[in-house]
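K.L.:
There are 2 protein chains.
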Amino acid sequence: MHRRFAGRHAAQGWHGSAAEFGNSAALLLGDLCLVWSDEMLHTGGLDAGTLARARPVFDEMRTEVTAGQYLDVLAQATGDTSTELASKVACYKSAKYTVERPLLIGAALAGAPAEVTDAYSAYGLRLGEAFQLRDDVLGVFGEPAATGKPAGDDLREGKRTFLVAAAFEAADPAQRAELTARLGDPTLDQAGVARLREIITATGALARTEHRIVELTEAARRALDGVALDGEARGALRELAQAATHRRR
Amino acid sequence: MHRRFAGRHAAQGWHGSAAEFGNSAALLLGDLCLVWSDEMLHTGGLDAGTLARARPVFDEMRTEVTAGQYLDVLAQATGDTSTELASKVACYKSAKYTVERPLLIGAALAGAPAEVTDAYSAYGLRLGEAFQLRDDVLGVFGEPAATGKPAGDDLREGKRTFLVAAAFEAADPAQRAELTARLGDPTLDQAGVARLREIITATGALARTEHRIVELTEAARRALDGVALDGEARGALRELAQAATHRRR
Chain C
1 MHRRFAGRHA AQGWHGSAAE FGNSAALLLG DLCLVWSDEM LHTGGLDAGT LARARPVFDE
61 MRTEVTAGQY LDVLAQATGD TSTELASKVA CYKSAKYTVE RPLLIGAALA GAPAEVTDAY
121 SAYGLRLGEA FQLRDDVLGV FGEPAATGKP AGDDLREGKR TFLVAAAFEA ADPAQRAELT
181 ARLGDPTLDQ AGVARLREII TATGALARTE HRIVELTEAA RRALDGVALD GEARGALREL
241 AQAATHRRR
Chain H
1001 MHRRFAGRHA AQGWHGSAAE FGNSAALLLG DLCLVWSDEM LHTGGLDAGT LARARPVFDE
1061 MRTEVTAGQY LDVLAQATGD TSTELASKVA CYKSAKYTVE RPLLIGAALA GAPAEVTDAY
1121 SAYGLRLGEA FQLRDDVLGV FGEPAATGKP AGDDLREGKR TFLVAAAFEA ADPAQRAELT
1181 ARLGDPTLDQ AGVARLREII TATGALARTE HRIVELTEAA RRALDGVALD GEARGALREL
1241 AQAATHRRR
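Heads up: the protein sequence lines correspond to chains C and H, in order. Here our numbering is used: the first residue of the first sequence is 1, the next is one more, and so on. Here our numbering is used: the first residue of the second sequence is 1001, the next is one more, and so on.
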């Protein structure tokens, strides 16, 4: 959206910076969406008792995702390259927000028993992390035609993902120096992107990340074993596990 | 807050731009406050029926203020200098958000009759606009020691306030050219600020704005005449009208 607003600014020949206008307008749109998501929850026709069960989960989710975003910004600033911090960011920013909490909101609305909410938590955290790891791999190795993003954008931004952290952990001194120099360089060209891809592959970080995606996805599926779910819900959760981790964009 | 986070970044010698880190962190803190304001409303011990009365007013307020902020950003971009648009921005961004809606939330929580909510609306919109006009005057003529902001900051930002719009409306061609050239110039120095103050005063825009503050404040007070309010509420609203418009910061 920030690009679309910036484009409108440029096309109309308005005053000031088109990019800044785009950023301001997109941020305000984000605020509106945040406000409206909450309004929709409350005006969706749910009775007060049902709503009261879901509300604490919804509140916690919004605080967590904001804290996760801050952790992400902080990690890029401090330059912390540990896989431990990368996993923590992925947990708060992604796993909880994209999979675990939405399932728990549904469970709360439906008045599900603890056995189901526990299973949803275990499934959601693992699948959510796998989803984020797939995102990280696509951000570095994805095809622009499929992802809709320029190749290597995550590298130019210097995102501290598990994939990158794993490369740092296994890098020799020369590789480490090159990773440090090139990651987060906004002028990184295609040759620079290709070189970082080589290092990430050569250190085994790509294989380690792919292996972890498989492990997490299997663990997510196993978390549902033996839990009393109806067939439709179980089928949807199996499909979700597949769709979240086997994708090209 | 963005300056405080940027200062922390600079003091620690972290990677990347301290200013950008400050902006990102402060935006996330703003999101948290937005989310928490809503959470506090719902966890403050109000019963479901009372909450249901206040909720639509709260929802509308948040949408209005966001739209008002966008109108403000848009007016700066398009360079629209009409007093009409400046008043509209002040209405949505400030009058409704800072005075009218908070009163109406209170009225809804208390289950006030229509006579009271109508009077609160009339009082709030007028006083809220007067409050904003006082803000605009302080943004140009305020003493930095009292306001805590550098002198002329609003002029450097190029804010399209009623005060500035009134100056444009009454400016002769030479004054208009100078206003256009200097407003929004981030490098404006003290002499430039002094020159813009002179033009704003010479065009009668300052006097017109001060006159409008008095008119609006009196109209706000009159809106409460003959309405059944208890003495404490009436006294607080009179004090609020005074505090919002007679202030140095």
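C-beta: ideal position from N, C-alpha, C; glycine also.
Can you list, in chain order, the stretches of the alpha helix (DSSP H) that have 4 or more residues and sit fully within the stretch 1027-1087 of chain H?
P.N.:
1048-1078
K.L.:
At the level of alpha carbons, what is the spacing between residue 1155(H) and residue 135(C)?
P.N.:
44 Å
K.L.:
In three-state terms, what does DSSP make of residue 115(C)?
P.N.:
helix
K.L.:
Name, please, each residue of chain C whose Cβ falls closer than 9 Å to the Cβ of residue 1226(H).
P.N.:
Those do not exist, as residue 1226(H) stays about 36 Å from chain C at its closest Cβ, beyond 9 Å.
K.L.:
For residue 1133(H), which option in 1002(H), 1091(H) and 1026(H) has the closest C-alpha, if you only look at C-alpha atoms?
P.N.:
1091(H)
K.L.:
Smallest Cα separation from residue 1061(H): which of 1077(H), 1034(H) and 1047(H)?
P.N.:
1034(H)
K.L.:
Measure from the alpha carbon of residue 1073(H) to the alpha carbon of each residue in 16(C), 205(C) and 57(C), then state which is nearest.
P.N.:
16(C)
K.L.:
Mapping the DSSP letters down to three states, classify residue 144(C) as helix, strand or coil.
P.N.:
The three-state secondary structure of residue 144(C), taken from DSSP, is helix.
K.L.:
Near residue 1066(H), what residues of its chain come up, given a Cβ to Cβ distance below 7 Å and the 5 sequence neighbours on each side ignored?
P.N.:
none
K.L.:
Which of the three DSSP states is assigned to residue 1224(H) in this structure?
P.N.:
coil
K.L.:
Taking just the CA atoms, how far does residue 10(C) sit from residue 1164(H)?
P.N.:
25 Å
K.L.:
Could you check which residue in 1152(H), 1053(H) and 1175(H) has the C-alpha nearest to that of residue 1112(H)?
P.N.:
1053(H)
K.L.:
Going by beta-carbon coordinates alone, are residue 1216(H) and residue 1127(H) separated by less than 8 Å?
P.N.:
yes
K.L.:
Please list the partners that residue 50(C) has in chain H, where partner means a Cβ-to-Cβ separation under 8 Å.
P.N.:
In chain order: nothing, as chain H lies at least about 11 Å away.
K.L.:
Can you name the start and end residues of the alpha helix (DSSP H) that residue 1098(H) belongs to?
P.N.:
Where residue 1098(H) is concerned, there is no enclosing alpha helix (DSSP H), given that its DSSP letter is neither H nor E.
K.L.:
Shortest alpha-carbon distance to residue 1057(H) belongs to which of 1097(H), 1031(H), 1084(H) and 1191(H)?
P.N.:
1097(H)
K.L.:
List, in chain order, every chain H residue whose beta-carbon is nearer than 9 Å to that of residue 15(C).
P.N.:
1076, 1077, 1078, 1079, 1158 and 1184
K.L.:
Pairs of beta-carbons, one from the stretch 220-228 of chain C and one from the stretch 104-121 of chain C, closer than 8 Å: are there three or more?
P.N.:
yes
K.L.:
Distance check for residue 99(C) and residue 1082(H), CA to CA, integer angstroms please.
P.N.:
Each residue's Cα considered, the two are about 49 Å apart.
K.L.:
Report the neighbours of residue 247(C) on chain H: residues whose CB is nearer than 8 Å to its CB, in chain order.
P.N.:
None at all; the shortest Cβ gap to chain H is about 28 Å.
K.L.:
Give me the subset of the stretch 89-103 of chain C whose CB atoms are less than 7 Å from a CB atom of chain H, sorted by chain position.
P.N.:
none
K.L.:
So which residues on chain H does residue 21(C) lean against when the C-beta distance must stay under 8 Å?
P.N.:
1073 and 1077
K.L.:
Name, please, each residue of chain C whose Cβ falls closer than 9 Å to the Cβ of residue 1028(H).
P.N.:
66, 67, 69, 70 and 73
K.L.:
Compare the beta carbon distance of residue 1208(H) and residue 1195(H) with 8 Å and say whether it is the shorter of the two.
P.N.:
no
K.L.:
Do we get a CB-CB distance below 8 Å when we pair residue 25(C) with the residues of chain H?
P.N.:
yes
K.L.:
So is residue 1037(H) buried or exposed if we call it buried at 16+ other beta carbons inside 10 Å?
P.N.:
Answer is exposed; the Cβ neighbour count stays below 16.
K.L.:
With a cut-off of 8 Å, do at least 3 Cβ pairs link the stretch 17-25 of chain C to the stretch 39-48 of chain C?
P.N.:
Between the stretch 17-25 of chain C and the stretch 39-48 of chain C, the count of C-beta pairs closer than 8 Å stays below three; the two stretches do not touch.
K.L.:
Alpha carbon to alpha carbon, how far is residue 1125(H) from residue 1178(H)? Give it in angstroms, no decimals.
P.N.:
33 Å
K.L.:
State the Cα-Cα distance for the pair residue 988(H) and residue 1121(H), rounded to the nearest angstrom.
P.N.:
Because chain H in this structure spans residues 1001 to 1249, residue 988(H) falls outside the shown range and cannot be described.
K.L.:
In this structure, how does DSSP classify residue 1135(H) when only helix, strand and coil are distinguished?
P.N.:
helix
K.L.:
Using only the alpha-carbon positions, how far apart do residue 1079(H) and residue 1055(H) sit?
P.N.:
36 Å
K.L.:
Between residue 1(C) and the rest of its own chain, which residues show a CB-CB distance below 6 Å, the 5 nearest in sequence each way excluded?
P.N.:
26 and 29
K.L.:
Compare the C-alpha of residue 213(C) against each of 129(C), 110(C), 169(C) and 248(C) and name the closest.
P.N.:
129(C)
K.L.:
I'd like to check one pair, residue 1131(H) with residue 1245(H): are the Cβ atoms closer than 8 Å?
P.N.:
yes
K.L.:
I need the DSSP call for residue 15(C), collapsed to helix, strand or coil.
P.N.:
coil
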